[in-house]
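For reference, the structure discussed in these notes is given below.
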Amino acid sequence: MQGRRILLVVSGSVAAFKALALARLLRAEGATVRAVPTAAGLRFVTKESLAALTAQPVMDDLWAAESEIGHIRLARWAELVLVVPASAHRLAAMAAGLADDLAGCVLLATRAPVLAAPAMNPAMWEHPATQANLAALRGRGVRFLGPVEGAMAEPESGPGRLLEPEAMLPLIRAALADGPLAGRHVLVTSGPTHEPIDPVRYIANRSSGRQGHGIAAACAALGARVTLVSGPVQVPDPPGVRVVRVETARDMLAACEAALPADAAICAAAVADWRPAREAGQKMKKQPGAAAPTLEMALNPDILLTLSAHARRPRLVVGFAAETEQVVPHAQAKLARKGCDWVVANDVSGDVMGGAENAVHIVSAAGVEDWPRLPKEEVAARLAARVAAALA
Ligand code: C5P
Numbered sequence: 583m584q585g586r587r588i589l590l591v592v593s594g595s596v597a598a599f600k601a602l603a604l605a606r607l608l609r610a611e612g613a614t615v616r617a618v619p620t621a622a623g624l625r626f627v628t629k630e631s632l633a634a635l636t637a638q639p640v641m642d643d644l645w646a647a648e649s650e651i652g653h654i655r656l657a658r659w660a661e662l663v664l665v666v667p668a669s670a671h672r673l674a675a676m677a678a679g680l681a682d683d684l685a686g687c688v689l690l691a692t693r694a695p696v697l698a699a700p701a702m703n704p705a706m707w708e709h710p711a712t713q714a715n716l717a718a719l720r721g722r723g724v725r726f727l728g729p730v731e732g733a734m735a736e737p738e739s740g741p742g743r744l745l746e747p748e749a750m751l752p753l754i755r756a757a758l759a760d761g762p763l764a765g766r767h768v769l770v771t772s773g774p775t776h777e778p779i780d781p782v783r784y785i786a787n788r789s790s791g792r793q794g795h796g797i798a799a800a801c802a803a804l805g806a807r808v809t810l811v812s813g814p815v816q817v818p819d820p821p822g823v824r825v826v827r828v829e830t831a832r833d834m835l836a837a838c839e840a841a842l843p844a845d846a847a848i849c850a851a852a853v854a855d856w857r858p859a860r861e862a863g864q865k866m867k868k869q870p871g872a873a874a875p876t877l878e879m880a881l882n883p884d885i886l887l888t889l890s891a892h893a894r895r896p897r898l899v900v901g902f903a904a905e906t907e908q909v910v911p912h913a914q915a916k917l918a919r920k921g922c923d924w925v926v927a928n929d930v931s932g933d934v935m936g937g938a939e940n941a942v943h944i945v946s947a948a949g950v951e952d953w954p955r956l957p958k959e960e961v962a963a964r965l966a967a968r969v970a971a972a973l974a
């Protein structure tokens, strides 16, 4: 973040004291931080604290600022605007485009990316008015850091707690496109595919998308532009990632090819190998006395194989191997058969599919690396770092 210019809007929430910690972290990474507290924000932190921790004059008065730097110049100065904490009121003001204070003017005038970290009581967070404001802001490109579930200032708990400043850092780096994958395009596939039998039935598998989505998030956190082609999943979209939703393997292949060129492709999806050869146009009916139908299957396209042999092949192609036995030998065979650069092999005989942890082996021409059993997010972070090193 060396030399990057960050404007920090601090609005009125008891979590405002954490904006001071964030300012300190950003400065430690080399960023220049200017604080714009709102009037309510200054009920929780002082101008003096903000000035001391940003080592910059603090601007809070629209009229005073007019004579000094001006809200337009301030808005143009910023490469990134953070709203930390973002109170329910501030989100409403942003959604309505209110400009009755310096923070409101700057937020309207800036063309820099805006990241907001909400903090409020769970009931206020869940209120339809707040949720509608969030949806409106999201639609205009504002990205959200949290909130998370946890203890509140009052003795209660729930969604609305400010994300910890340390956890904001990778997302801020990503928004500044500042990281070892900055300028790279990474294509990630995730989740299962659904292969229709008839309009109401399909063949699927137990993939949750958790590992693939985690990899997409981790690559974005390192500054990559990420296209995530995902089958039907319940996990939320990772922040800062372009998500293309598909159902079938054939749709997934088409979406992947449409996303090329890419510097790297990471195929974490559990693509169905076969699909019903014919999709019945109408719901298949049970006939009294008739035997059960037989499903004739057709081979699906192999996305990993296709990308590995593609005229516009990404420089690095990574496949996954879910195995229940002979994990590494099978992964080595897969590496050769698919023509990819690495295979991330895991043993899915236990609770890996849909579970929170994964123990993987990275199989490449260079050999085999065994990683310990780790949370899937940690596997994702390590894999993203390895991709960054390989592309460097
Ligand atoms: O062939 P197999 O399913 O064992 O290989 C797994 C790897 O191949 C995974 O990376 C998966 O995403 C990819 N794959 C694919 N298209 C298929 C089948 C698997 O991209 N049709």
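The working numbering numbers the first residue of the sequence shown as 583 and each following residue consecutively.
For glycine and all other residues, C-beta sits at the position ideal for the given N, C-alpha and C.
All of these numbers come straight from a predicted model, not from anything done at the bench.
Original post:
Out of curiosity, what's the CA-to-CA distance linking D760 and R722?
Top reply: Roughly 22 Å separates the two Cα atoms.
Subject >> heavy atom of the ligand C5P below 6 Å from F902 C-beta >> reply: yes
Original post:
With A589 and V688 assumed to form a contact (beta carbons below 8 Å), what rounded beta-carbon distance in angstroms separates them?
Top reply: It is Leu, not Ala, that sits at residue 589 in the sequence shown. Right, the Cβ-Cβ distance comes to about 7 Å (below 8 Å), so this counts as a contact.
**OP:** State yes or no: is the C-beta of C838 within less than 7 Å of the C-beta of V811?
**Re:** yes
**OP:** Could you say which of I944, V825, E907 and L644 lies nearest to A927 if we only look at CA atoms?
**Re:** In terms of Cα proximity to A927, the closest of I944, V825, E907 and L644 is I944.
Original post:
Using DSSP with H/G/I as helix, E/B as strand and the rest coil, what is M879?
Top reply: In the three-state reduction of the DSSP assignment, M879 falls in the strand class, which pools E and B.
Subject >> Classification of L881 by the beta-carbon crowding that lies within 10 angstroms, buried from 16 upward >> reply: exposed
Subject >> Per DSSP, the bridge partner or partners of S739 >> reply: A733
Original post:
Around the Cβ of G686, are there at least 16 other Cβ atoms within 10 angstroms (buried) or fewer (exposed)?
Top reply: buried
Original post:
For the 8 Å Cβ check, are there 3 or more pairs between the segment 893–900 and the segment 841–853?
Top reply: yes
**OP:** Report the three-state DSSP secondary structure of W924 (helix, strand or coil).
**Re:** strand
Original post:
Considering only the beta carbon of each residue, do V615 and R609 sit closer than 7 Å?
Top reply: yes
Subject >> Alpha carbon of W659 to alpha carbon of A670, nearest angstrom >> reply: 26 Å
Original post:
Short check: CB of A966 to CB of L835, under 7 Å?
Top reply: no
**OP:** For T712, count neighbouring C-beta atoms within 10 Å of its own C-beta (all shown protein chains included) and say buried if the count is 16 or more, exposed if not.
**Re:** Of the residues assessed, T712 falls on the buried side of the cut-off, its CB having 16 or more other CB atoms within 10 angstroms.
Subject >> L886 CB to nearest heavy atom of the ligand C5P below 6 Å >> reply: yes
Subject >> A851: CB within 6 Å of a non-hydrogen atom of the ligand C5P >> reply: yes
**OP:** Let me know if D952 comes out buried or exposed under the rule of 16 or more other beta-carbons within 10 Å of its beta-carbon.
**Re:** exposed
**OP:** Starting from the Cα of R998, find the closest Cα among V724, A701 and P774 and give me that residue.
**Re:** It is not possible to answer for residue 998, since the shown part of the chain is limited to 583 through 974.
**OP:** Please go through the same chain and pick out, in chain order, the residues whose beta-carbon is closer than 8 Å to the beta-carbon of L604, but skip the five residues on each side of it.
**Re:** L590, L664, V666, P747 and M750
Original post:
Which first and last residues belong to the alpha helix (DSSP H) in which F599 is found?
Top reply: F599 to A610
Subject >> Cβ-Cβ distance between P774 and A786 below 7 Å >> reply: yes
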